[in-house]
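This report refers to the structure that appears directly beneath it.
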Amino acid sequence: MTDLVTFGETMALFAARRTGPLRFARDFDLGLGGAESNVAIGVARLGHDATWIGRVGADEFGDLIRATLTGEGVHAHAIPDPAAPTGLMIKGRRTADLIDVRYYRKDSAGSRLSPADLDPGLIRSARVLHVSAITPALSASAREAVRHAMSVARSAGVTVSLDVNYRRALWTPEEAGTWLRDVVGDVDVLFATEAEGRLVADVKGARELAEALAGLGPRHVLLKFGAEGAMELSEGVVRRAEPYRVTEVDSVGAGDAFAAGWLADWLAGAEPEQRLATACAAGAFAVTSQGDWESLPRRADLNLLRHPTDGVNR
1 MTDLVTFGET MALFAARRTG PLRFARDFDL GLGGAESNVA IGVARLGHDA
51 TWIGRVGADE FGDLIRATLT GEGVHAHAIP DPAAPTGLMI KGRRTADLID
101 VRYYRKDSAG SRLSPADLDP GLIRSARVLH VSAITPALSA SAREAVRHAM
151 SVARSAGVTV SLDVNYRRAL WTPEEAGTWL RDVVGDVDVL FATEAEGRLV
201 ADVKGARELA EALAGLGPRH VLLKFGAEGA MELSEGVVRR AEPYRVTEVD
251 SVGAGDAFAA GWLADWLAGA EPEQRLATAC AAGAFAVTSQ GDWESLPRRA
301 DLNLLRHPTD GVNR
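Just so you know, UniProt numbering puts 27 at position 27 of the sequence shown, and the rest follows in order with no gaps.
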């Protein structure tokens with residue numbers, strides 16, 4: 001058994017060290033990035049068993065992804081694809097406050113994910129299946145894989161979690177909204193920003209939006225407000241959480257960290273207020289350094305924000 005199963009595309013990530021137009025960058029840090037693998041790492045760091053499934057190229061970048069996830073304690077089912085390369089993500093900082101992300105993932109190994117790559121027995125053994133709306137935007141076969149996995153999970157009574165994670169480079173708001181409205185009734189836990197939530201239900205007001213989304217099926221609706229905190233609507237009760245004040249370095253991956261924190265505490269049976277606070281803390285940690293997942297917290301780290309010191313941990 002595993003606590004969480006997730007799948008999707010993880011890419012090699014080149015992050016420019018110099019601020020300014022990418023054409024002037026000369027030095028890059030090499031790592032990896034992917035919404036679903038970010039969540040898997042976050043859940044594993046918070047003490048739970050996490051499994052990630054995805055296709056990677058039969059190349060050095062695919063080996064990097066496999067080795068890194070395994071090193072983070074994630075069960076990495078990285079399927080090598082000799083006919084397609086690992087996708088690339090290039091991250092630059094155009095100004096001190098503006099991050100510029102470019103994707104090179106057309107016809108990548110990750111985009112060729114299909115239902116045949118998923119082990120139904122593994123999904124049935126999980127407590128949570130977490131998916132992202134990035135994956136169905138990659139290709140028709142990846143879209144089929146998401147629906148297949150959700151169907152297997154639903155039939156086995158496995159909780160289904162979905163993060164909207166809208167990417168305008170992959171599909172239009174209309175395309176994303178159509179797909180989301182078609183599947184949201186089969187989702188138990190829904191993560192979204194307000195703008196993403198309105199792809200599904202065009203409702204003004206955060207509480208009204210959460211209620212409209214919950215009315216479509218999800219038992220737990222999580223709305224993320226970035227630096228303004230978050231809201232959870234569960235079983236008819238609305239709860240708000242204030243943000244943790246940190247110095248932001250790189251905001252990419254904060255939403256994935258939030259989802260990982262919430263799911264980890266849900267898996268641990270935490271009270272609603274606790275799991276929402278952990279989600280916000282995880283999101284805050286994620287923005288404090290370069291990289292999509294490197295700053296994700298472990299359990300012992302959470303108290304650093306909940307009980308701040310004078311800035312020196314002795």
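Heads up, the beta-carbon is just placed ideally off N, CA and C, and yes, glycines get one too. Since we're looking at a predicted model, the values are computed, not measured.
Contacting residues, own chain, Cβ-Cβ under 6 Å from residue i (five flanking each side not counted)
i, result
"Glu248", "Val287"
"residue 315", "Lying before the first or after the last residue shown, residue 315 is absent from the chain, which here runs from 1 to 314."
"Ser132", "Gly8, Ala35, Glu36, Asp163, Asn165"
"Asp63", "none"
"Gly283", "Ala254, Ala257, Phe258"
Where the beta strand (DSSP E) containing residue i begins and where it ends
i, result
"residue 320", "Look at the range of the chain in this structure, 1 to 314, and you will see that residue 320 is not part of it."
"Trp52", "50 to 57"
"Ala241", "237 to 241"
"Ala15", "11 to 19"
"Thr193", "189 to 193"
"Leu3", "Here the sequence assigns Asp to residue 3, which means Leu is not the residue at that position. From DSSP, the beta strand (DSSP E) with Asp3 extends over 2 to 7."
"Asp81", "75 to 81"
"Trp90", "For the record, residue 90 in the displayed sequence is Ile; it is not Trp. It spans 88 to 95 - the beta strand (DSSP E) in which Ile90 sits, taken as one unbroken run."
"Leu223", "220 to 224"
Span separating the alpha-carbon of residue i from that of residue j
i, j, result
"Asp29", "Val237", "44 Å"
"residue 321", "Thr6", "With the chain covering only 1 through 314, there is no way to say anything about residue 321."
"Asp186", "Pro218", "8 Å"
"Val101", "Arg167", "11 Å"
"Gln290", "Asp250", "5 Å"
"Met89", "Pro21", "16 Å"
"Arg94", "Val252", "14 Å"
"Ala35", "Gly197", "18 Å"
"Ile79", "Leu4", "18 Å"
"Gln274", "Gly229", "14 Å"
"Gly73", "Ile53", "14 Å"
"Asp188", "Thr159", "6 Å"
"Gly255", "Ala206", "17 Å"
"Lys204", "Gly8", "31 Å"
"Ser161", "His130", "5 Å"
"Ala169", "Thr193", "17 Å"
"Val184", "Glu294", "31 Å"
"Asp27", "Leu98", "19 Å"
"Ala76", "Thr70", "6 Å"
"Ala84", "His48", "32 Å"
"Val43", "Leu180", "24 Å"
"Gly31", "Val152", "32 Å"
"Thr178", "Leu46", "34 Å"
"Ala50", "Tyr103", "26 Å"
"residue 345", "Glu60", "It is not possible to answer for residue 345, since the shown part of the chain is limited to 1 through 314."
"Ala300", "Glu174", "42 Å"
"Ser111", "Ile65", "15 Å"
"residue 316", "Leu223", "This structure leaves residue 316 out entirely; the chain is present only between 1 and 314."
"Phe225", "Met150", "27 Å"
Sequence-distant residues of the same chain with beta carbon closer than 8 Å to residue i, five excluded per side
i, result
"His148", "Pro115, Leu118"
"Ala281", "Tyr244, Gly261, Pro297, Leu302, Leu305, Arg306"
"Ala156", "Ile123, Arg124"
"Glu242", "Gly229, Cys280"
"Arg154", "Val160, Asp186"
Residue interval of the alpha helix (DSSP H) (run including residue i)
i, result
"Asp100", "Per DSSP, Asp100 belongs to no alpha helix (DSSP H); it is in the beta strand (DSSP E), 98 to 104."
"Pro173", "173 to 183"
"Val146", "140 to 156"
"Glu232", "No alpha helix (DSSP H) contains Glu232, which is instead part of the beta strand (DSSP E) from 230 to 234."
"Glu214", "At residue 214 the sequence reads Ala, which differs from the Glu that was named. Residues 206 to 214."
"Gly283", "272 to 286"
"Ile123", "120 to 125"
"Gly255", "254 to 267"
"Asp163", "Unbroken run through Asp163 is the beta strand (DSSP E), 159 to 163; no alpha helix (DSSP H)."
"Leu64", "60 to 71"
"Arg299", "299 to 306"
Beta-carbon proximity of residue i to residue j, cut-off 8 Å
i, j, result
"Pro272", "Arg239", "yes"
"residue 317", "Thr135", "Residue 317 is absent from the structure shown; the chain starts at 1 and stops at 314."
"Arg67", "Asp81", "At residue 67 the sequence reads Ala, which differs from the Arg that was named. Cβ atoms of Ala67 and Asp81: not closer than 8 Å."
"residue 369", "Leu296", "Given that the chain is displayed from residue 1 to residue 314, the structure contains no residue 369 and the question cannot be resolved."
"Leu190", "Val221", "yes"
"Gly33", "Thr10", "yes"
"Ala268", "Phe285", "no"
"Trp171", "Ala137", "yes"
"Asp202", "Leu13", "no"
"Leu263", "Val164", "no"
"Ala176", "Thr2", "no"
Residue i Cβ short of 7 Å to the ligand NAD heavy atom set
i, result
"Thr19", "As presented, the structure is devoid of all ligands, the ligand NAD included, so that no description of it is given."
Neighbourhood of residue i by C-beta distance below 7 Å, restricted to the same chain and skipping five residues each side
i, result
"Ala265", "Checking the sequence shown, residue 265 turns out to be Asp, not Ala. If we look at Asp265 and ignore the five residues flanking it on each side, its Cβ neighbours are Gln274, Arg275, Thr278."
"Gly92", "Ala16, Leu22, Ala25, Asp100"
"Asp107", "Ala84"
Per the contact definition of three or more C-beta pairs closer than 8 Å, is the region 226 to 233 in contact with the region 196 to 213?
yes
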